[in-house]
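Chemist: Position in the sequence shown (first residue = 1) + 706 = the numbering used here.
From the three backbone atoms N, C-alpha and C, an ideal C-beta is built for every residue, glycine too.
Got a structure for you, written out below as C-alpha coordinates; questions coming shortly.
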Amino acid sequence: MTATGSPVRLPDWLKRALFNREYQRYVYSMLADREKVREAARTLSRERRKSRRSFLHNSIVSGLVKSNLPDSQKDFYRVDVGTERENVPENRYYAIEPFDRTRVVIGQNAEGKGRYLNANWVRELHGGHWWIATQAPLPNTAHTFLSLFLQPDTRPPSNLTPPDSLGPQPCRLRTTVQLTMTTEGGRTKAHPYFPAQVGGSYIIPAPEGCKDPALKISLEAEQEDEWAGCIQSTLRLVHCTQPSGEQDMLRYSRVEELDEPVFFTHLLFTHWPDFGVPEGPAEKACLLSFARLVARVNLTAPPNSSSNTDLHPDPPIVVNCSAGVGRSGSFIALNSLLRAHGMLLPEYNRISPQSFPPLPPSPQGPLPSDLAEDEVALEVDSLREQRTSMVQRPEQQMLIYELLAAAYHEAEERANEESIS
707 MTATGSPVRL PDWLKRALFN REYQRYVYSM LADREKVREA ARTLSRERRK
757 SRRSFLHNSI VSGLVKSNLP DSQKDFYRVD VGTERENVPE NRYYAIEPFD
807 RTRVVIGQNA EGKGRYLNAN WVRELHGGHW WIATQAPLPN TAHTFLSLFL
857 QPDTRPPSNL TPPDSLGPQP CRLRTTVQLT MTTEGGRTKA HPYFPAQVGG
907 SYIIPAPEGC KDPALKISLE AEQEDEWAGC IQSTLRLVHC TQPSGEQDML
957 RYSRVEELDE PVFFTHLLFT HWPDFGVPEG PAEKACLLSF ARLVARVNLT
1007 APPNSSSNTD LHPDPPIVVN CSAGVGRSGS FIALNSLLRA HGMLLPEYNR
1057 ISPQSFPPLP PSPQGPLPSD LAEDEVALEV DSLREQRTSM VQRPEQQMLI
1107 YELLAAAYHE AEERANEESI S
(Lines of atoms letter the chains of each structure in order from A and count residues from 1; the text may use other names and numbers.)
(Lines give C-alpha, C1' and ligand atoms only; values in the text may rest on other atoms or scores of the structure.)
Protein backbone atom coordinates (compact mmCIF):
# COMPACT_ATOMS: atom_id res chain seq x y z
CA MET A 1 0.00 0.00 0.00
CA THR A 2 1.15 3.59 -0.62
CA ALA A 3 0.87 6.46 1.87
CA THR A 4 -2.76 6.88 0.81
CA GLY A 5 -3.61 3.21 1.30
CA SER A 6 -3.95 2.44 -2.42
CA PRO A 7 -2.48 -0.78 -3.88
CA VAL A 8 1.15 -0.67 -4.97
CA ARG A 9 1.30 -1.13 -8.73
CA LEU A 10 3.85 0.13 -11.22
CA PRO A 11 2.13 2.67 -13.52
CA ASP A 12 1.78 1.58 -17.15
CA TRP A 13 3.71 4.62 -18.40
CA LEU A 14 6.63 3.69 -16.16
CA LYS A 15 6.65 0.08 -17.39
CA ARG A 16 6.78 1.29 -20.98
CA ALA A 17 9.64 3.68 -20.24
CA LEU A 18 11.65 0.98 -18.48
CA PHE A 19 11.36 -1.80 -21.03
CA ASN A 20 10.65 -0.25 -24.45
CA ARG A 21 13.93 0.88 -26.03
CA GLU A 22 12.23 2.49 -29.01
CA TYR A 23 10.04 4.53 -26.68
CA GLN A 24 13.10 5.57 -24.66
CA ARG A 25 14.82 6.87 -27.80
CA TYR A 26 11.66 8.73 -28.79
CA VAL A 27 11.43 10.50 -25.42
CA TYR A 28 15.11 11.49 -25.47
CA SER A 29 14.78 12.80 -29.01
CA MET A 30 11.62 14.79 -28.32
CA LEU A 31 13.06 16.41 -25.20
CA ALA A 32 16.36 17.10 -26.99
CA ASP A 33 14.55 18.88 -29.84
CA ARG A 34 12.83 21.18 -27.36
CA GLU A 35 16.13 21.85 -25.59
CA LYS A 36 17.67 22.88 -28.92
CA VAL A 37 15.12 25.70 -29.10
CA ARG A 38 16.16 26.89 -25.65
CA GLU A 39 19.80 26.62 -26.62
CA ALA A 40 19.18 28.74 -29.72
CA ALA A 41 17.55 31.43 -27.59
CA ARG A 42 20.47 31.39 -25.15
CA THR A 43 22.88 31.69 -28.06
CA LEU A 44 20.96 34.71 -29.27
CA SER A 45 21.24 36.34 -25.84
CA ARG A 46 24.98 35.72 -25.89
CA GLU A 47 25.35 37.13 -29.40
CA ARG A 48 23.35 40.23 -28.52
CA ARG A 49 25.99 41.04 -25.93
CA LYS A 50 28.79 40.42 -28.41
CA SER A 51 27.08 42.60 -31.01
CA ARG A 52 27.71 45.67 -28.91
CA ARG A 53 31.41 45.05 -29.53
CA SER A 54 31.21 43.51 -33.01
CA PHE A 55 28.15 44.08 -35.18
CA LEU A 56 29.62 42.01 -38.00
CA HIS A 57 30.25 39.01 -35.75
CA ASN A 58 26.67 39.16 -34.52
CA SER A 59 25.24 39.39 -38.02
CA ILE A 60 27.14 36.37 -39.28
CA VAL A 61 26.72 34.06 -36.30
CA SER A 62 23.23 34.77 -35.07
CA GLY A 63 21.34 36.03 -38.10
CA LEU A 64 19.92 32.60 -38.79
CA VAL A 65 18.87 32.19 -35.17
CA LYS A 66 17.10 35.55 -35.20
CA SER A 67 15.04 34.61 -38.23
CA ASN A 68 13.93 31.26 -36.80
CA LEU A 69 12.85 32.07 -33.26
CA PRO A 70 9.58 33.80 -32.37
CA ASP A 71 9.82 36.68 -29.90
CA SER A 72 7.99 34.70 -27.22
CA GLN A 73 10.78 32.12 -27.14
CA LYS A 74 13.56 34.70 -27.30
CA ASP A 75 12.13 36.49 -24.27
CA PHE A 76 11.29 33.39 -22.24
CA TYR A 77 14.77 31.87 -22.52
CA ARG A 78 16.90 35.02 -22.25
CA VAL A 79 20.22 34.81 -20.41
CA ASP A 80 21.19 38.46 -20.83
CA VAL A 81 22.26 39.05 -17.22
CA GLY A 82 24.53 36.01 -17.08
CA THR A 83 26.29 37.09 -20.28
CA GLU A 84 27.04 40.63 -19.11
CA ARG A 85 30.77 41.32 -19.15
CA GLU A 86 31.06 41.76 -15.37
CA ASN A 87 29.17 38.52 -14.67
CA VAL A 88 30.94 36.19 -17.10
CA PRO A 89 33.88 35.52 -14.69
CA GLU A 90 31.33 34.31 -12.13
CA ASN A 91 30.08 31.52 -14.41
CA ARG A 92 31.89 28.24 -13.82
CA TYR A 93 31.31 26.97 -17.37
CA TYR A 94 30.84 28.61 -20.74
CA ALA A 95 27.27 28.59 -22.08
CA ILE A 96 25.73 27.58 -18.74
CA GLU A 97 23.99 30.79 -17.67
CA PRO A 98 20.79 31.22 -15.65
CA PHE A 99 17.58 32.20 -17.41
CA ASP A 100 16.80 35.84 -16.59
CA ARG A 101 13.19 35.00 -15.83
CA THR A 102 13.93 32.55 -13.00
CA ARG A 103 17.36 33.65 -11.78
CA VAL A 104 18.09 34.05 -8.09
CA VAL A 105 18.97 37.58 -6.97
CA ILE A 106 21.01 38.09 -3.79
CA GLY A 107 20.16 41.21 -1.77
CA GLN A 108 20.07 44.67 -3.31
CA ASN A 109 22.68 47.34 -3.87
CA ALA A 110 22.25 51.11 -3.85
CA GLU A 111 20.90 51.04 -7.41
CA GLY A 112 18.30 48.42 -6.48
CA LYS A 113 20.14 45.68 -8.39
CA GLY A 114 20.89 42.43 -6.64
CA ARG A 115 24.17 40.56 -6.68
CA TYR A 116 24.61 38.04 -9.49
CA LEU A 117 24.72 34.30 -8.83
CA ASN A 118 24.58 31.55 -11.44
CA ALA A 119 21.44 30.06 -9.92
CA ASN A 120 17.77 29.62 -10.74
CA TRP A 121 14.55 29.16 -8.86
CA VAL A 122 13.21 25.74 -9.81
CA ARG A 123 9.88 24.24 -8.74
CA GLU A 124 9.06 20.57 -8.90
CA LEU A 125 6.26 20.02 -11.40
CA HIS A 126 4.73 17.04 -9.62
CA GLY A 127 5.95 17.48 -6.04
CA GLY A 128 5.55 21.25 -5.79
CA HIS A 129 8.65 21.92 -3.68
CA TRP A 130 10.91 24.87 -4.48
CA TRP A 131 14.68 24.55 -4.98
CA ILE A 132 17.56 26.85 -5.82
CA ALA A 133 19.66 25.05 -8.44
CA THR A 134 23.12 26.56 -8.72
CA GLN A 135 26.61 25.88 -9.96
CA ALA A 136 29.23 24.87 -7.40
CA PRO A 137 30.76 27.98 -5.80
CA LEU A 138 33.96 29.45 -7.21
CA PRO A 139 36.47 31.30 -5.01
CA ASN A 140 35.06 34.59 -6.32
CA THR A 141 31.39 33.57 -5.79
CA ALA A 142 31.59 31.87 -2.37
CA HIS A 143 30.64 35.08 -0.54
CA THR A 144 27.59 35.64 -2.75
CA PHE A 145 26.54 32.00 -2.45
CA LEU A 146 26.81 31.98 1.35
CA SER A 147 24.92 35.26 1.60
CA LEU A 148 21.83 33.27 0.58
CA PHE A 149 21.78 31.65 4.02
CA LEU A 150 22.01 34.96 5.88
CA GLN A 151 18.91 36.40 4.24
CA PRO A 152 15.99 36.22 6.70
CA ASP A 153 13.45 35.61 3.93
CA THR A 154 14.37 34.00 0.60
CA ARG A 155 11.49 33.05 -1.66
CA PRO A 156 10.70 32.97 -5.39
CA PRO A 157 9.71 36.29 -7.01
CA SER A 158 6.06 37.10 -7.63
CA ASN A 159 6.41 36.55 -11.39
CA LEU A 160 6.94 32.83 -10.65
CA THR A 161 4.48 32.13 -7.85
CA PRO A 162 1.92 34.01 -5.71
CA PRO A 163 3.69 35.80 -2.81
CA ASP A 164 1.80 33.78 -0.18
CA SER A 165 2.34 30.37 -1.80
CA LEU A 166 5.12 29.46 0.66
CA GLY A 167 3.16 30.57 3.70
CA PRO A 168 3.53 33.54 6.06
CA GLN A 169 6.60 32.42 8.03
CA PRO A 170 10.01 33.92 7.23
CA CYS A 171 11.60 31.64 4.67
CA ARG A 172 15.24 31.30 5.74
CA LEU A 173 17.19 28.64 3.87
CA ARG A 174 18.69 25.92 6.06
CA THR A 175 19.72 23.02 3.80
CA THR A 176 22.22 22.80 0.96
CA VAL A 177 22.93 19.68 -1.08
CA GLN A 178 26.20 19.00 -2.94
CA LEU A 179 26.24 16.21 -5.51
CA THR A 180 29.87 16.52 -6.59
CA MET A 181 33.14 15.91 -4.83
CA THR A 182 35.50 18.87 -4.59
CA THR A 183 37.78 17.25 -7.16
CA GLU A 184 36.93 14.54 -9.70
CA GLY A 185 39.28 13.09 -12.28
CA GLY A 186 42.02 15.48 -11.20
CA ARG A 187 39.84 18.56 -11.87
CA THR A 188 38.35 20.98 -9.38
CA LYS A 189 34.56 20.66 -9.50
CA ALA A 190 33.61 22.73 -6.44
CA HIS A 191 35.41 25.31 -4.32
CA PRO A 192 35.81 24.11 -0.69
CA TYR A 193 34.23 27.07 1.06
CA PHE A 194 34.31 25.64 4.60
CA PRO A 195 37.11 23.93 6.56
CA ALA A 196 37.59 20.18 6.68
CA GLN A 197 38.31 20.06 10.43
CA VAL A 198 35.54 20.35 13.03
CA GLY A 199 36.11 23.54 15.02
CA GLY A 200 37.92 25.26 12.16
CA SER A 201 36.84 28.51 10.49
CA TYR A 202 37.41 30.28 7.18
CA ILE A 203 37.10 34.01 6.59
CA ILE A 204 35.63 34.91 3.21
CA PRO A 205 36.16 38.55 2.20
CA ALA A 206 33.46 40.35 0.25
CA PRO A 207 34.22 40.51 -3.48
CA GLU A 208 35.59 43.67 -4.99
CA GLY A 209 32.90 46.33 -5.29
CA CYS A 210 30.60 44.70 -2.72
CA LYS A 211 29.97 46.74 0.43
CA ASP A 212 28.75 43.80 2.52
CA PRO A 213 30.93 42.65 5.43
CA ALA A 214 33.18 39.61 5.23
CA LEU A 215 31.84 36.21 6.30
CA LYS A 216 33.12 33.75 8.86
CA ILE A 217 32.10 30.15 8.28
CA SER A 218 32.85 27.39 10.78
CA LEU A 219 32.42 23.63 10.74
CA GLU A 220 30.53 22.88 13.96
CA ALA A 221 29.88 19.15 13.53
CA GLU A 222 30.23 16.39 10.96
CA GLN A 223 28.94 12.86 10.62
CA GLU A 224 29.08 10.21 7.93
CA ASP A 225 25.81 8.49 7.03
CA GLU A 226 27.04 5.44 5.12
CA TRP A 227 23.52 4.14 4.49
CA ALA A 228 22.85 7.32 2.49
CA GLY A 229 26.32 7.74 0.95
CA CYS A 230 26.49 11.09 2.67
CA ILE A 231 28.68 13.36 4.78
CA GLN A 232 26.46 15.66 6.83
CA SER A 233 27.99 18.90 8.13
CA THR A 234 26.59 21.55 10.45
CA LEU A 235 27.86 25.00 9.46
CA ARG A 236 27.89 28.25 11.41
CA LEU A 237 27.86 31.48 9.39
CA VAL A 238 28.20 35.09 10.58
CA HIS A 239 29.15 38.53 9.27
CA CYS A 240 32.55 39.69 10.47
CA THR A 241 35.08 42.48 10.07
CA GLN A 242 37.22 42.50 6.95
CA PRO A 243 40.37 40.35 7.28
CA SER A 244 43.85 41.78 6.85
CA GLY A 245 47.27 40.35 6.07
CA GLU A 246 48.78 38.31 3.26
CA GLN A 247 46.32 37.39 0.50
CA ASP A 248 46.86 33.64 0.80
CA MET A 249 46.30 33.78 4.57
CA LEU A 250 43.14 35.93 4.65
CA ARG A 251 40.87 32.97 5.29
CA TYR A 252 42.66 32.34 8.62
CA SER A 253 42.59 35.97 9.87
CA ARG A 254 41.44 36.94 13.36
CA VAL A 255 38.23 38.96 13.03
CA GLU A 256 35.37 40.36 15.08
CA GLU A 257 31.87 38.95 14.61
CA LEU A 258 29.27 41.60 13.80
CA ASP A 259 25.88 39.95 14.42
CA GLU A 260 24.11 36.76 15.42
CA PRO A 261 25.26 33.63 13.58
CA VAL A 262 22.98 31.37 11.55
CA PHE A 263 23.32 27.61 11.23
CA PHE A 264 22.59 25.44 8.23
CA THR A 265 23.22 21.87 7.10
CA HIS A 266 25.45 20.80 4.21
CA LEU A 267 24.77 17.34 2.75
CA LEU A 268 27.40 15.88 0.42
CA PHE A 269 26.48 12.81 -1.64
CA THR A 270 29.69 10.91 -2.38
CA HIS A 271 28.55 8.23 -4.88
CA TRP A 272 27.63 10.15 -8.04
CA PRO A 273 30.44 10.50 -10.63
CA ASP A 274 30.54 13.39 -13.08
CA PHE A 275 29.38 12.45 -16.60
CA GLY A 276 27.72 9.35 -15.18
CA VAL A 277 25.20 7.93 -12.72
CA PRO A 278 25.34 5.71 -9.64
CA GLU A 279 25.71 2.30 -11.27
CA GLY A 280 25.36 -0.55 -8.78
CA PRO A 281 22.32 -1.54 -6.70
CA ALA A 282 24.02 -0.37 -3.49
CA GLU A 283 24.82 3.08 -4.94
CA LYS A 284 21.26 3.48 -6.27
CA ALA A 285 19.81 2.44 -2.91
CA CYS A 286 22.07 5.03 -1.28
CA LEU A 287 20.70 7.74 -3.59
CA LEU A 288 17.11 6.89 -2.65
CA SER A 289 18.08 7.00 1.02
CA PHE A 290 19.92 10.27 0.48
CA ALA A 291 16.86 11.90 -1.10
CA ARG A 292 14.82 10.94 1.96
CA LEU A 293 17.54 12.17 4.30
CA VAL A 294 17.63 15.56 2.57
CA ALA A 295 13.86 15.91 2.91
CA ARG A 296 13.99 14.89 6.58
CA VAL A 297 16.81 17.33 7.39
CA ASN A 298 14.96 20.19 5.72
CA LEU A 299 11.88 19.51 7.86
CA THR A 300 14.01 19.82 10.99
CA ALA A 301 15.26 22.97 12.69
CA PRO A 302 19.00 23.47 12.18
CA PRO A 303 21.15 22.37 15.13
CA ASN A 304 22.05 25.20 17.53
CA SER A 305 19.32 27.49 16.20
CA SER A 306 18.42 30.01 18.89
CA SER A 307 14.69 30.15 18.14
CA ASN A 308 12.39 27.69 16.40
CA THR A 309 9.14 29.61 16.82
CA ASP A 310 9.13 31.39 13.45
CA LEU A 311 10.92 28.78 11.37
CA HIS A 312 9.43 27.90 8.01
CA PRO A 313 8.30 24.25 8.14
CA ASP A 314 9.81 23.28 4.76
CA PRO A 315 11.78 26.06 3.03
CA PRO A 316 13.39 25.81 -0.40
CA ILE A 317 16.52 23.66 -0.66
CA VAL A 318 19.76 24.72 -2.35
CA VAL A 319 21.36 22.11 -4.61
CA ASN A 320 24.51 22.07 -6.70
CA CYS A 321 26.68 19.64 -8.58
CA SER A 322 29.46 21.26 -10.60
CA ALA A 323 27.52 23.07 -13.32
CA GLY A 324 24.26 22.79 -11.39
CA VAL A 325 22.33 21.20 -14.25
CA GLY A 326 22.87 17.46 -14.85
CA ARG A 327 23.07 15.79 -11.47
CA SER A 328 21.17 18.65 -9.81
CA GLY A 329 18.29 18.41 -12.26
CA SER A 330 18.15 14.64 -11.90
CA PHE A 331 18.03 14.91 -8.12
CA ILE A 332 15.23 17.47 -8.17
CA ALA A 333 13.23 15.35 -10.63
CA LEU A 334 13.66 12.26 -8.44
CA ASN A 335 12.53 14.16 -5.34
CA SER A 336 9.53 15.57 -7.17
CA LEU A 337 8.25 12.19 -8.30
CA LEU A 338 8.94 10.44 -4.99
CA ARG A 339 7.10 13.25 -3.21
CA ALA A 340 4.16 13.18 -5.62
CA HIS A 341 3.80 9.40 -5.33
CA GLY A 342 3.91 9.45 -1.53
CA MET A 343 7.27 7.63 -1.47
CA LEU A 344 9.62 10.30 -0.14
CA LEU A 345 8.52 10.66 3.49
CA PRO A 346 5.31 9.80 5.36
CA GLU A 347 4.76 13.55 5.82
CA TYR A 348 4.18 13.88 2.08
CA ASN A 349 0.98 12.19 0.97
CA ARG A 350 0.38 11.34 -2.66
CA ILE A 351 -0.30 14.61 -4.46
CA SER A 352 -1.19 15.94 -7.90
CA PRO A 353 0.38 18.82 -9.86
CA GLN A 354 -3.07 20.41 -9.86
CA SER A 355 -2.61 21.00 -6.12
CA PHE A 356 -0.15 23.85 -6.80
CA PRO A 357 -0.29 27.19 -8.61
CA PRO A 358 0.42 26.51 -12.29
CA LEU A 359 3.88 27.12 -13.66
CA PRO A 360 4.13 29.49 -16.64
CA PRO A 361 3.24 27.65 -19.87
CA SER A 362 6.05 26.89 -22.28
CA PRO A 363 6.24 29.10 -25.39
CA GLN A 364 6.90 25.83 -27.24
CA GLY A 365 3.52 24.48 -26.19
CA PRO A 366 2.95 21.21 -24.33
CA LEU A 367 4.68 17.92 -25.00
CA PRO A 368 2.99 15.65 -27.60
CA SER A 369 -0.11 13.85 -26.37
CA ASP A 370 1.64 10.45 -26.45
CA LEU A 371 3.93 11.72 -23.66
CA ALA A 372 1.14 13.26 -21.60
CA GLU A 373 1.22 10.45 -19.03
CA ASP A 374 5.02 10.11 -18.82
CA GLU A 375 5.70 11.95 -15.59
CA VAL A 376 9.48 11.76 -15.96
CA ALA A 377 9.37 13.34 -19.43
CA LEU A 378 7.00 16.03 -18.18
CA GLU A 379 9.19 16.71 -15.14
CA VAL A 380 12.42 16.93 -17.13
CA ASP A 381 10.89 19.27 -19.70
CA SER A 382 9.47 21.46 -16.93
CA LEU A 383 12.85 21.69 -15.17
CA ARG A 384 14.54 22.66 -18.42
CA GLU A 385 12.06 25.51 -18.77
CA GLN A 386 13.41 26.89 -15.48
CA ARG A 387 17.17 26.26 -15.75
CA THR A 388 19.25 25.36 -18.75
CA SER A 389 20.25 21.76 -19.52
CA MET A 390 18.64 20.16 -16.50
CA VAL A 391 19.00 16.34 -16.54
CA GLN A 392 21.76 16.68 -19.07
CA ARG A 393 22.36 13.09 -20.18
CA PRO A 394 20.11 10.21 -21.34
CA GLU A 395 21.46 7.91 -18.61
CA GLN A 396 20.48 10.48 -15.98
CA GLN A 397 16.93 10.50 -17.30
CA MET A 398 16.89 6.69 -17.28
CA LEU A 399 18.12 6.76 -13.68
CA ILE A 400 14.99 8.69 -12.66
CA TYR A 401 12.73 6.03 -14.21
CA GLU A 402 14.74 3.27 -12.52
CA LEU A 403 14.76 4.83 -9.06
CA LEU A 404 11.05 5.60 -9.14
CA ALA A 405 10.45 1.95 -10.07
CA ALA A 406 12.77 0.89 -7.24
CA ALA A 407 10.71 2.96 -4.81
CA TYR A 408 7.57 1.20 -6.05
CA HIS A 409 9.20 -2.18 -5.51
CA GLU A 410 10.20 -1.13 -1.97
CA ALA A 411 6.62 -0.09 -1.25
CA GLU A 412 5.31 -3.37 -2.67
CA GLU A 413 7.66 -5.39 -0.45
CA ARG A 414 6.57 -3.44 2.63
CA ALA A 415 2.92 -3.96 1.74
CA ASN A 416 3.48 -7.71 1.36
CA GLU A 417 5.27 -7.90 4.70
CA GLU A 418 2.46 -5.99 6.41
CA SER A 419 -0.19 -8.27 4.89
CA ILE A 420 1.66 -11.36 6.16
CA SER A 421 2.09 -9.97 9.65
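1. So, P979 versus H897, is the Cβ gap smaller than 8 Å?
2. Checking the sheet assignment: what are the DSSP bridge partners for K922?
3. What is the C-beta distance between I838 and W827, in whole angstroms, given that I count them as a contact (C-beta under 8 Å)?
4. What residues in its chain sit with their C-beta under 7 Å from that of L974, if we drop five residues either side in the sequence?
5. For L994, which residues from the same chain have a beta carbon less than 7 Å from its beta carbon, with the 5 sequence-adjacent residues on both sides left out?
6. Under the three-state reduction of DSSP, which class applies to V828: helix, strand or coil?
7. Keeping to the same chain, check which residues put their C-beta closer than 6 Å to that of P776; ignore five residues upstream and five downstream.
8. Between E796, E1091, P858, which lies nearest to L1017 when the distance is taken from Cα to Cα?
9. Leaving out five residues before and five after H972 in sequence, what residues of the same chain have Cβ atoms less than 6 Å from its Cβ?
10. What residues in its chain sit with their C-beta under 8 Å from that of T889, if we drop five residues either side in the sequence?
11. What do you reckon, are the CB atoms on I923 and L852 nearer than 8 Å?
12. Measuring alpha carbon to alpha carbon, tell me which residue in V961, C877, G788, T808 is nearest Y800.
13. What do you get for P919, buried or exposed, if any count of 16 or more other CB atoms within 10 angstroms of its CB means buried?
14. Just mark Q1102 as buried or exposed, buried being the case when its beta carbon has 16 or more other beta carbons within 10 Å.
15. How long is the line joining the alpha carbons of L1077 and D931, rounded to whole angstroms?
16. Measure the C-alpha to C-alpha separation of F855 and P795 and round it to an integer number of angstroms.
17. Can you grab the Cα-Cα spacing for the pair T1006 / R755, in whole Å?
18. Could you pull out every residue in the same chain whose Cβ sits closer than 6 Å to the Cβ of S907, ignoring the five residues on either side in sequence?
19. Counting C-beta neighbours from all protein chains within 10 Å, is the total for N824 16 or more, i.e. buried, or is it exposed?
20. When you compare the CB of P987 with every CB in chain B, is at least one pair closer than 8 Å?
21. Output needed for L720: all residues of its chain with C-beta closer than 7 Å, excluding positions within five of it in sequence on either side, in chain order.
22. Compare the beta carbon distance of R784 and A746 with 8 Å and say whether it is the shorter of the two.
23. May I ask you to report which of helix, strand or coil DSSP gives L854?
24. Specify the secondary structure class of C992 as computed by DSSP and reduced to three states.
Modeler: Reading it off the structure:
1. no
2. I909, V944
3. Yes, they are in contact, since the Cβ atoms of I838 and W827 sit about 6 Å apart, within 8 Å.
4. The residues are Q884, C936, I937.
5. L1109, A1112, A1113
6. strand
7. none
8. Nearest of E796, E1091, P858 to L1017, Cα basis: P858.
9. If we look at H972 and ignore the five residues flanking it on each side, its Cβ neighbours are T882, S939, L941.
10. K895
11. I923 is a Cβ neighbour of L852, given a cutoff of 8 Å.
12. G788
13. buried
14. buried
15. 38 Å
16. 23 Å
17. 44 Å
18. K922, S924
19. Classification for N824: buried.
20. Absence of chain B from the displayed structure is noted, only one protein chain being present.
21. Y1107, L1110, A1111
22. no
23. DSSP, reduced to helix, strand and coil, places L854 within a helical segment of the structure shown.
24. DSSP places C992 in helix when its eight states are reduced to three.
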